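A.B. asks:
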Amino acid sequence: DGKASYKWGNVADNEYEIKAEYVGDGNYNTIQSDVQKIDTRKKNQSAISFTAISDKTYGDAEFTLSVTGGNGTGAVTYSVLTGGVLEINGDKAKIIGAGIATVTAKKAADTDYNEAGKSISITVAKKKLTVRAEDKLNVIKGSRMPALTYNKAEVDKNLASGDTFTSPNLTADARDTNFIGEYEITV
């Protein structure tokens, strides 16, 4: 959460590339920023902000990214810096996994304004999947233990598109049918 600043004086009108680098120490690794292009002949854009993004859960539909603010006619592009959670295509974000993704929006420079950028973190929660064991009724005392099952069609209906669910391990506290009663079936 540190912040560094550098102030130039008497800068000539020109285009410059700037990169920040921290060389690291005994507790922190070396890290570098992306190269930022600054043209002192142009104005800086006003800050850009992402429009509100609702809570996301794995399995939710694709959603649209948009920003407000900035100046000029430069196009806005989006990218994701961390893989496995979101895929970006144009201004559409597709959820491919649960976790945290850093998304960056960049509004390109034009003849009057420098490029502007903004990054945000989007958290995609895990999808809750309920697997309900099927009740085993009318078991006769002393008979063989019934096979423990679940409603596969109900589970498959609630999976995210393209996902599969492998057969879970179902167990019960009851080891035989000599004692009739209600027993929990654990998935």
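Here the sequence shown stands for residues 1375 to 1561, where the numbers follow our numbering.
Every residue gets a Cβ at the ideal spot worked out from N, C-alpha and C, and that includes glycine.
For clarity, every value in this text was computed on a predicted model and none was experimentally measured.
Here's a check: name, in chain order, each residue in its chain whose Cβ is nearer than 6 Å to the Cβ of Ala1394, leaving out the five neighbours to either side.
C.D. replies: Around Ala1394: Ser1407.
A.B. asks: Does Tyr1452 pass the burial test, meaning 16 or more other C-beta atoms within 10 Å, or should it be called exposed?
C.D. replies: It counts as buried.
A.B. asks: Among Asp1509, Asp1429, Asp1550 and Lys1531, which has the Cα closest to the Cα of Val1561?
C.D. replies: Per the Cα distances, Asp1509.
A.B. asks: If you draw a straight line from the C-alpha of Asp1486 to the C-alpha of Asp1413, how long is it?
C.D. replies: Computed Cα separation, rounded: 10 Å.
A.B. asks: Out of Leu1544, Ala1534, Asp1429 and Ala1482, state which residue places its alpha-carbon closest to the alpha-carbon of Gln1419.
C.D. replies: Comparing Cα positions, the closest option is Ala1482.
A.B. asks: Leaving out five residues before and five after Pro1542 in sequence, what residues of the same chain have Cβ atoms less than 8 Å from its Cβ?
C.D. replies: Cβ within range, chain order: Val1505, Tyr1524 and Val1561.
A.B. asks: Taking the DSSP output, what are the residues bridged to Gly1443?
C.D. replies: According to DSSP, which records beta bridges pairwise, Gly1443 is partnered with Ile1422.
A.B. asks: Measure the CB-CB distance between Lys1411 and Glu1389 and report whether it falls below 8 Å.
C.D. replies: Their beta carbons are under 8 Å apart, which means Lys1411 touches Glu1389 by this criterion.
A.B. asks: Between Leu1544, Leu1455, Lys1468 and Tyr1432, which lies nearest to Ala1475 when the distance is taken from Cα to Cα?
C.D. replies: Selected option, being the one with the closest Cα: Leu1455.
A.B. asks: Go through its chain and collect everything with a Cβ distance to Arg1415's Cβ below 6 Å, but skip five positions before and after it.
C.D. replies: Same-chain partners within the cutoff: Asp1387.
A.B. asks: May I ask you to report which of helix, strand or coil DSSP gives Lys1510?
C.D. replies: Coil, per DSSP.
A.B. asks: Express the C-alpha separation of Asn1512 and Val1459 in angstroms, rounding to a whole number.
C.D. replies: When rounded, the distance between both Cα atoms is 46 Å.
A.B. asks: Mapping DSSP to helix, strand and coil, what is Ala1479?
C.D. replies: Three-state result, Ala1479: strand.
A.B. asks: Leaving out five residues on either side along the sequence, give the residues of the same chain with a beta carbon under 7 Å from the beta carbon of Gly1444.
C.D. replies: So the list reads Gln1419, Ser1420, Ile1422, Lys1481 and Ala1490, once near-sequence residues are dropped.
A.B. asks: Write down the C-beta distance between Gly1516 and Thr1538 rounded to the nearest angstrom, noting that I regard them as a contact closer than 8 Å.
C.D. replies: About 38 Å separates the two Cβ atoms, so there is no contact after all.
A.B. asks: The beta strand (DSSP E) spanning Ala1499 covers which residue range?
C.D. replies: Unbroken beta strand (DSSP E) run through Ala1499: Ala1490 to Ala1499.
A.B. asks: I need the boundaries of the alpha helix (DSSP H) containing Lys1381, first residue and last residue.
C.D. replies: Run containing Lys1381: none; DSSP gives neither H nor E here.
A.B. asks: I'd like the list of long-range same chain contacts for Ala1449, defined as Cβ closer than 6 Å, with 5 residues on each side in sequence excluded.
C.D. replies: Once the five neighbours on either side are set aside, the close Cβ partners of Ala1449 are Ala1482.
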